[in-house]
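> The structure follows.
Residue numbers (the working numbering): 18 to 588.
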């Protein structure tokens with residue numbers, strides 16, 4: 018049985034609250050959930066919102082709507098709360114859609130408020146400025162929910178419901194929610210009838226989730242267990258740590274599950290399941306417990322990874338149980354609600370022998386040693402960066418070789434809120450996400466890893482960095498193009514196509530914006546330059562000159578299947 022503490026309502030006292038306009042209402046709602054910074058692009062269709070946020074909170078004027086959502090996403094991940102983005106209607110909302118897909122992929126709590134044309138003309142199809150066909154349908158496709166404010170009387174209720182839906186809660190996933198708000202309704206005074214509810218806490222007992230007994234029996238019978246943890250353990254770090262230590266299981270993680278148990282723990286193998294060493298550990302194990310993971314293709318060798326003979330699974334989503342790999346037992350529940358019971362069962366009759374714990378520790382050491390051989394001097398960058406940073410600091414990453422190789426694995430992460438990266442795999446989002454994280458945690462350094470190609474997608478956000486001046490170290494890995502795809506083409510023996518790009522003089526670019534500039538041209542430079550960059554306590558652009566630094570001994574290519582070009586031509 019599971020004990021849950023709930024709040025029982027006792028007294029309802031209705032009263033009215035009046036706000037000067039929609040902007041003041043938005044500020045009030047955001048303050049209630051601890052949001053102090055909002056990201057967006059100002060427009061004729063969101064002026065009241067931007068003006069109120071600028072007056073009462075902090076408005077960060079990013080240069081593109083996609084970056085507004087990315088920054089709100091990064092803010093939410095770094096705080097564990099809600100991020101908010103403001104955009105215009107029509108094209109502005111469309112620009113935000115791609116980044117909403119990223120928030121949807123990661124279930125990040127983002128409130129996206131977009132303007133809308135005057136309510137009298139909404140849906141008329143007459144070509145009112147900034148109007149687009151079925152904007153709400155577009156937003157519903159890239160958000161967990163999207164709603165229109167249809168009247169003055171409903172604005173407060175819709176905003177609060179949107180915030181609640183975005184945040185999710187115990188046993189309920191959150192994600193991005195979009196609200197479109199006609200401009201005429203934004204300007205008008207808003208009146209809200211609020212019920213003050215006095216509550217008393219009470220403890221109730223709920224039945225154990227279906228399948229837990231069967232799953233637990235299999236777990237306590239295991240002698241060589243491994244856990245695979247995904248993003249579903251982000252809030253269950255304490256419970257997962259206790260289980261790992263009590264049971265003696267090895268812990269593999271997806272990229273999203275990193276840091277729930279600090280990665281310097283001796284039983285944490287980490288995000289190495291798809292490597293030969295990780296695969297060997299799975300082959301030797303007799304049971305795999307997977308928790309809150311999607312088993313993404315890039316982390317399972319496109320689903321070719323062979324799991325243990327017995328696989329049991331815990332996931333909040335019942336549909337996820339057995340969806341990718343067959344299971345012997347599954348439980349649909351929040352990990353926080355079931356891990357303590359499993360730990361107690363293990364404590365009584367399922368702790369594994371010391372030989373298996375030693376095997377896990379060897380696997381942890383071996384996968385890292387193998388990766389270091391393939392990285393060569395590039396491993397020095399991971400070590401120097403970890404050394405230069407305090408234990409708690411955000412590492413935000415774009416999709417680039419440094420991120421996909423050592424940033425996603427070798428660089429140690431100690432808390433899920435420090436691990437910010439585009440889970441949907443889209444390029445160009447790293448700087449926006451890093452800006453959001455840096456604005457959320459202003460007393461800690463944030464580092465952004467970006468390639469020259471990804472940075473160019475939203476190069477304008479360098480202006481935002483120069484204007485807002487957060488404590489952010491931007492590490493730009495400059496190889497003159499898209500290095501990951503270039504490596505793939507070279508590995509296949511085909512001519513380069515679309516991968517070589519003109520890049521700016523980063524020293525001159527930084528100077529034109531008043532940003533400090535540093536350069537790393539060799540492994541010998543790494544420790545000194547990174548330590549100096551972090552101690553600036555402000556924005557700095559650090560170029561890693563890869564032509565000078567040199568290649569990795571084993572060029573990085575992503576774990577995706579590509580047909581052999583000679584075979585394809587012959588067929």
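For glycine and all other residues, C-beta sits at the position ideal for the given N, C-alpha and C.
Looking at the structure shown, is residue 562 part of a helix, part of a strand, or coil, going by DSSP?
strand
> Which of helix, strand or coil does DSSP assign to residue 342?
coil
> Give me, in chain order, the residues of the same chain whose beta-carbon lies closer than 7 Å to that of residue 344; leave out the 5 immediate sequence neighbours on both sides.
328, 329, 330 and 338
> Go ahead and label residue 297 buried or exposed: buried means 16 or more other beta carbons lie within 10 angstroms of its beta carbon, across all protein chains shown.
exposed
> Quick check on DSSP: helix, strand or coil for residue 517?
Residue state, collapsed to three classes: strand.
> Distance check for residue 280 and residue 587, CA to CA, integer angstroms please.
Annotation note: pLDDT 49 at residue 587 (below 50); position unreliable, coordinate value reported separately. Rounded to the nearest angstrom, the two C-alpha atoms are 47 Å apart.
> For residue 423, which residues does DSSP report across the bridge?
Partner(s): none; residue 423 has no beta bridge.
> Enumerated in chain order, which unbroken segments of the beta strand (DSSP E) with a length of 3 residues or greater are wholly contained in the stretch 296-346?
304-308 and 328-332
> Taking buried to mean at least 16 other C-beta atoms within 10 Å of its own C-beta, is residue 347 buried or exposed?
With 16 or more Cβ atoms within 10 Å of its Cβ, residue 347 is classed as buried.
> For the putative contact between residue 253 and residue 277, defined by C-beta atoms under 8 Å, what is the C-beta separation to the nearest angstrom?
7 Å
> According to DSSP, residue 267 sits in a beta bridge with which residue or residues?
243
> On the DSSP bridge list, what partners appear for residue 162?
194
> Among the candidates 332, 525 and 239, whose CA atom is the shortest distance from the CA of residue 247?
332
> May I ask you to list the residues that DSSP assigns as paired with residue 33?
Answer is 210.
> Should residue 10 and residue 406 be called a contact, given that it needs their Cβ atoms to be closer than 8 Å?
One cannot answer for residue 10 here, as it falls past the ends of the chain, which runs 18 to 588.
> Inspect the beta-carbon positions of residue 445 and residue 469 and report whether they are closer than 8 Å.
No, these two residues do not count as a Cβ contact at 8 Å.
> Do the CB positions of residue 113 and residue 82 come within less than 8 Å of each other?
yes
> Using three-state DSSP, classify residue 24 as helix, strand or coil.
With a pLDDT of 48 at residue 24, under the threshold of 50, the predicted position of this residue should be treated as unreliable, though the coordinate-derived value follows. In the structure shown, residue 24 sits in a strand (DSSP, three-state: E or B).
> Can you give, in chain order, each stretch of the alpha helix (DSSP H) that sits fully within the stretch 442-528 and has at least 4 residues?
Listed in chain order, they are 447-457, 469-474, 478-485 and 500-509.
> Pick out whichever of 454, 563 and 494 has its Cα sitting closest to the Cα of residue 433.
454
> Please state the DSSP three-state secondary structure of residue 289.
In the structure shown, residue 289 sits in coil (DSSP, three-state: anything other than H, G, I, E or B).
> Which value, in whole angstroms, describes the spacing of the CA atoms of residue 203 and residue 38?
So the alpha carbons of these two residues sit roughly 6 Å apart.
> Does DSSP put residue 588 in a helix, a strand or coil?
Reliability of the predicted coordinates at residue 588 is poor, the pLDDT of 46 falling under 50, and the value obtained from them is presented with this limitation in mind. Coil.
> Compute the distance between the beta-carbons of residue 657 and residue 559, then report whether it is under 8 Å.
In the structure as shown, the chain starts at 18 and stops at 588, and residue 657 therefore has no counterpart that could be examined.
> Would you give the residue range spanned by the alpha helix (DSSP H) that residue 78 belongs to?
Premise fails: residue 78 lies in the beta strand (DSSP E), 75-78, not in any alpha helix (DSSP H).
> Considering only their Cβ atoms, is the gap separating residue 176 from residue 42 smaller than 8 Å?
yes
> If we ignore side chains and look at the alpha-carbon of each, how far apart do residue 180 and residue 369 end up?
Their Cα atoms are separated by approximately 44 Å.
> Return the bridge partner residues of residue 56 from the DSSP annotation.
77 and 102
> What number of angstroms, rounded off, separates the C-alpha of residue 357 from the C-alpha of residue 122?
Going from the Cα of residue 357 to the Cα of residue 122 covers about 28 Å.
> What's the C-alpha gap between residue 89 and residue 436?
Here the C-alpha atom of residue 89 lies approximately 15 Å from the C-alpha atom of residue 436.
> DSSP three-state call for residue 406: helix, strand or coil?
Reduced to three states, the DSSP call for residue 406 is coil.
> Taking 6 Å as the limit between beta carbons, can you name the residues of its chain near residue 350, skipping five residues before and five after?
226
> From what residue to what residue does the alpha helix (DSSP H) around residue 368 run?
For residue 368, no alpha helix (DSSP H) segment is defined, and its DSSP state is neither H nor E.
> Would residue 77 and residue 456 qualify as a contact pair, given that the criterion is a beta-carbon distance under 8 Å?
yes
> Is it buried or exposed for residue 320, if we count other Cβ within 10 angstroms and need 16 for buried?
When all chains shown are included, residue 320 counts as exposed.
> Suppose you measure from the CA of residue 260 to the CA of residue 360; what does that come to, to the nearest Å?
Using only the alpha carbons, I get a separation of about 5 Å.
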